[in-house]
Amino acid sequence: DTGVSQNPRHKITKRGQNVTFRCDPISEHNRLYWYRQTLGQGPEFLTYFQNEAQLEKSRLLSDRFSAERPKGSFSTLEIQRTEQGDSAMYLCASSEHGPGANVLTFGAGSRLTVL
Amino acid sequence: DQQVKQNSPSLSVQEGRISILNCDYTNSMFDYFLWYKKYPAEGPTFLISISSIKDKNEDGRFTVFLNKSAKHLSLHIVPSQPGDSAVYFCAASRGENSGYSTLTFGKGTMLLVSP
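Protein chains in written order, with the working numbering: chain A, 1 to 115; chain B, 1 to 115.
Right, here's the structure in full:
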């Protein structure tokens with residue numbers, strides 16, 4: 001078990017470009033979460049999946065953001081027409097279903113810089 | 001509005017002494033609380049948790065206390081070690097029994113333990 005893996009670790013892009021991040025959760029975890037963290041803030045919830053179903057989305061997730069988990073394994077987070085305000089660390093986490101559901105295991109994050 | 005508040009951005013403690021990190025919450029629906037530790041360039045790592053049916057949980061050098069009436073929890077680290085220097089996030093969840101697992105985080109407290 002290699003933990004939660006995120007790629008790429010760093011992404012620098014120009015305003016208006018599209019970017020995509022990938023997350024590979026712990027294999028036996030069926031819940032997957034995306035959070036965003038900016039400087040001086042704690043992680044902020046964006047969305048979560050149980051298996052392939054997207055069960056909740058935060059109001060932070062504007063229509064430029066889309067997340068998928070097509071086969072209930074890895075997930076992608078795409079940001080279209082990036083803006084400078086999208087610069088942040090994007091964290092992926094996974095958890096079990098049931099008693100361990102509240103303990104999220106995080107990846108190292110994907111840092112986005114929009115110029 | 002901040003539902004989970006960590007009012008101390010930073011804390012400095014000498015090695016061997018006790019570190020006390022505080023957290024307040026406003027949402028009465030929260031019934032499960034966690035502390036995460038974060039080193040630079042890494043994702044948050046789970047440290048310890050407590051359910052609302054308890055008022056104390058201990059794991060080695062780490063103890064979390066919960067005061068439901070005051071909507072306050074604290075993390076005690078005894079004795080503090082230089083390797084404990086990190087940002088500590090308080091997080092809360094609601095619906096532990098239902099498996100609702102999305103976490104709401106505070107802004108974090110940076111702990112510095114000096115030799």
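No residue lacks a Cβ here, since even glycine has one placed at the ideal position from N, Cα and C. Note that the structure is predicted; figures quoted are calculated from it, not measured.
Please report the Cβ distance between Trp34/A and Ala88/A, rounded to the nearest whole angstrom; I am assuming they are in contact, meaning their Cβ atoms lie under 8 Å.
If you number the first sequence from 1, residue 34/A lands on position 34. If you number the first sequence from 1, residue 88/A lands on position 88. Trp34/A to Ala88/A, Cβ: 11 Å. No contact.
If I measure Cβ to Cβ from Gly72/A and keep anything under 6 Å in the same chain, skipping five residues before and after, which residues do I get?
Taking the first residue of the first sequence as position 1, residue 72/A is located at position 72. Cβ neighbours of Gly72/A beyond the five flanking positions: Asn51 and Glu52.
Does Pro25/A come within less than 9 Å of chain B when only Cβ atoms are used?
Here the question's residue 25/A lines up with position 25 in the first sequence. Answer no: the Cβ-Cβ gap between Pro25/A and chain B never drops below 9 Å.
Residues of the region 48-63 of chain B with a CB closer than 7 Å to any CB of chain A: list them in chain order, please.
Taking 7 Å as the Cβ-Cβ cut-off against chain A, the residues of the region 48-63 of chain B that qualify are Ser49.
Using a Cβ-Cβ cutoff of 8 Å, what residues of the region 71-97 of chain A are near chain B? List them in chain order.
If the cut-off is 8 Å between Cβ atoms, the region 71-97 of chain A has Leu91, Ala93, Ser95 and His97 near chain B.
Does DSSP put Asp31/B in a helix, a strand or coil?
Indexing the second sequence from 1 puts residue 31/B at position 31. Strand, per DSSP.
Proximity test, Cβ basis, 9 Å: Thr105/A and chain B
For the purposes of this step, residue 105/A is taken as the residue at position 105 of the first sequence. Interface residue, yes.
Beta carbon proximity, Glu44/A to chain B, threshold 9 Å:
Mapped onto the first sequence, residue 44/A falls at position 44. True, the Cβ-Cβ gap to chain B drops below 9 Å.
Give the residues of chain B in contact with Ala108/A, contact being defined as C-beta atoms less than 8 Å apart.
Residue mapping note: residue 108/A aligns to position 108 of the first sequence, counting from 1. Correct list: Ala41, Glu42 and Gly43.
Per-residue DSSP class, three states only, for Asp86/A:
Here residue 86/A refers to the residue found at position 86 when the first sequence is read from its first residue. Reduced to three states, the DSSP call for Asp86/A is helix.
Sequence ranges, beta strand (DSSP E) only - wholly within the region 9-63 of chain B, length at least 3:
When DSSP assignments are scanned along the region 9-63 of chain B, the uninterrupted stretches of beta strand (DSSP E) that are 3 or more residues long and fall wholly within it turn out to be 10-14, 19-25, 30-38, 45-51 and 56-59.
Given that Phe46/B touches chain A, what residues does it touch there, using C-beta distances under 9 Å?
Here residue 46/B is taken as the residue at index 46 of the second sequence, counted from 1. Listed along the chain, the chain A residues whose CB falls inside 9 Å of the CB of Phe46/B are Val103, Leu104, Thr105 and Phe106.
Mind pulling the chain B residues with CB within less than 7 Å of Gln41/A?
Reading the first sequence from its first residue, position 41 is the one you call residue 41/A. Under the 7 Å cutoff, chain B gives Lys107.
Using 9 Å as the threshold, is the C-beta distance between Ser85/B and Ile20/B below it?
Here residue 85/B refers to the residue found at position 85 of the second sequence. Here residue 20/B refers to the residue found at position 20 of the second sequence. Contact flag unset, no.
Anything in chain B within Cβ reach of Glu56/A, meaning under 7 Å, just list it in chain order.
Looking up residue 56/A in the first sequence gives position 56. Residues of chain B passing the Cβ test: Thr102.
Please go through the same chain and pick out, in chain order, the residues whose beta-carbon is closer than 6 Å to the beta-carbon of Phe21/A, but skip the five residues on each side of it.
The residue you call residue 21/A lines up with position 21 of the first sequence. Leu77, Tyr90 and Ser110.
Counted within 10 angstroms of its Cβ, other Cβ atoms place Gly106/B as buried (16 or more) or exposed:
Here residue 106/B is taken as the residue at index 106 of the second sequence, counted from 1. Looking at its Cβ environment, which holds 16 or more other Cβ atoms inside 10 Å, Gly106/B is buried.
Please determine, among Arg9/A, Gln41/A, Phe65/A and Arg15/A, the residue with the shortest C-alpha to C-alpha distance to Gln84/A.
Along the first sequence, read from residue 1 onward, the residue named residue 84/A stands at position 84. It is Arg15/A whose Cα lies nearest to the Cα of Gln84/A.
What does the alpha-carbon distance come out to for the pair Phe45/A and Thr104/B?
Here residue 45/A refers to the residue found at position 45 when the first sequence is read from its first residue. Here residue 104/B refers to the residue found at position 104 when the second sequence is read from its first residue. So the two alpha carbons sit approximately 7 Å from each other.
Output the distance between the C-alpha atoms of Ile48/B and Ser93/B, rounded to the nearest integer angstrom.
In the second sequence, the residue the question calls residue 48/B occupies position 48. In the second sequence, the residue the question calls residue 93/B occupies position 93. If you take the alpha carbons of Ile48/B and Ser93/B, they lie about 14 Å apart.
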